[in-house]
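Each residue of the sequence shown is one higher than the one before, starting from 1 at the first, in UniProt numbering.
By construction, the Cβ of each residue, glycine as well, lies at the ideal position given by its N, Cα and C atoms.
Since the model is a prediction, treat every value here as computed from it, not as a measurement.
Scroll down for the structure; my scribbles are underneath it.
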Amino acid sequence: MDQLLGGTPAGSPTDPTSRYHDVGTSIFGDGLDAVTYYRRRLIPEPRAHTLLYQTRIADGDRRDNLAQRHLNSPYLWWILADANAIRDASELEGPAGQALRITTPATPEATDSDDEHA
Numbered sequence: 001m002d003q004l005l006g007g008t009p010a011g012s013p014t015d016p017t018s019r020y021h022d023v024g025t026s027i028f029g030d031g032l033d034a035v036t037y038y039r040r041r042l043i044p045e046p047r048a049h050t051l052l053y054q055t056r057i058a059d060g061d062r063r064d065n066l067a068q069r070h071l072n073s074p075y076l077w078w079i080l081a082d083a084n085a086i087r088d089a090s091e092l093e094g095p096a097g098q099a100l101r102i103t104t105p106a107t108p109e110a111t112d113s114d115d116e117h118a
């Protein structure tokens with residue numbers, strides 16, 4: 001419905017909260033067979049994120065609730081996954097007591113400055 005009304009549905013790749021927002025598109029084929037697709041998203045290194053604080057996963061936590069609680073949006077769970085080198089989002093749901101880094105989104109500047117000091 002949002003698309004029909006001219007808005008972008010939350011979580012869609014063109015929405016600023018989407019992890020695919022900045023990856024860009026490519027076209028495969030031409031003419032009537034052309035298919036536009038989103039390019040592959042490369043997962044940034046955890047050091048590309050600026051640490052704000054650490055917390056622990058509680059029993060019953062879900063990725064959307066963690067993102068809402070710590071990043072003010074349930075759609076930003078992927079920032080938590082990236083910052084903690086988690087590829088399977090279900091790992092954000094336990095085990096209880098697991099440390100979780102709360103960070104800013106990854107930035108190229110953070111990675112570059114870390115490399116200079118390595």
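Selected residue, minimal CA-CA separation from residue i, among the options
| i | options | result |
| --- | --- | --- |
| Asp64 | Asn72, Trp77, Tyr53, Leu52 | Trp77 |
| Glu45 | Glu93, Arg87, Asp82 | Asp82 |
| Arg41 | Gly97, Ala48, Leu66, Asp22 | Asp22 |
| Ala58 | Glu91, Arg19, Pro16 | Glu91 |
| Ile86 | Ile43, Tyr37, Thr25 | Ile43 |
| Asp61 | Ser26, Leu51, Gly97, Tyr53 | Gly97 |
| Thr17 | Leu80, Ala67, Tyr75, Pro105 | Tyr75 |
| residue 137 | Phe28, Ile27, Asn84 | The chain is shown only over 1 to 118; residue 137 falls outside these bounds and no answer can be derived. |
Length of the line joining the Cα atoms of residue i and residue j
| i | j | result |
| --- | --- | --- |
| Leu100 | Ser73 | 17 angstroms |
| Ala48 | Leu32 | 41 angstroms |
| Leu38 | His70 | Contrary to the premise, residue 38 reads as Tyr rather than Leu in this sequence. If I take the Cα positions, the gap works out to 28 angstroms. |
| Asp2 | Pro95 | In this prediction, Asp2 scores a pLDDT of 44, lower than 50, which makes its location untrustworthy; the coordinate-derived value is nonetheless stated afterwards. Near 36 angstroms, if we compare the C-alpha coordinates of Pro95 and Asp2. |
| Thr103 | Thr25 | 27 angstroms |
| Leu68 | Leu80 | Position check: residue 68 holds Gln in this sequence, whereas Leu was assumed. One C-alpha to the other measures close to 11 angstroms. |
| Thr50 | Thr36 | 33 angstroms |
| Arg56 | Asp30 | 50 angstroms |
| Ala89 | Ala106 | 17 angstroms |
Three-way DSSP call (helix, strand, coil) for residue i in this model
| i | result |
| --- | --- |
| Gln54 | strand |
| Ser73 | coil |
| Leu80 | helix |
| Ala106 | coil |
| Arg63 | helix |
| Gln3 | Per-residue confidence for Gln3 stands at a pLDDT of 45, beneath the threshold of 50, marking its modelled position as unreliable; the derived number appears in the next sentence. Looking at Gln3 - three-state DSSP - the assignment turns out to be coil, as it is neither helix nor strand. |
| Glu91 | helix |
| Ala85 | coil |
According to DSSP, residues forming a beta bridge with residue i
| i | result |
| --- | --- |
| Ser18 | DSSP lists no partner for Ser18. |
| Val35 | Phe28 |
| Ala99 | Arg56 |
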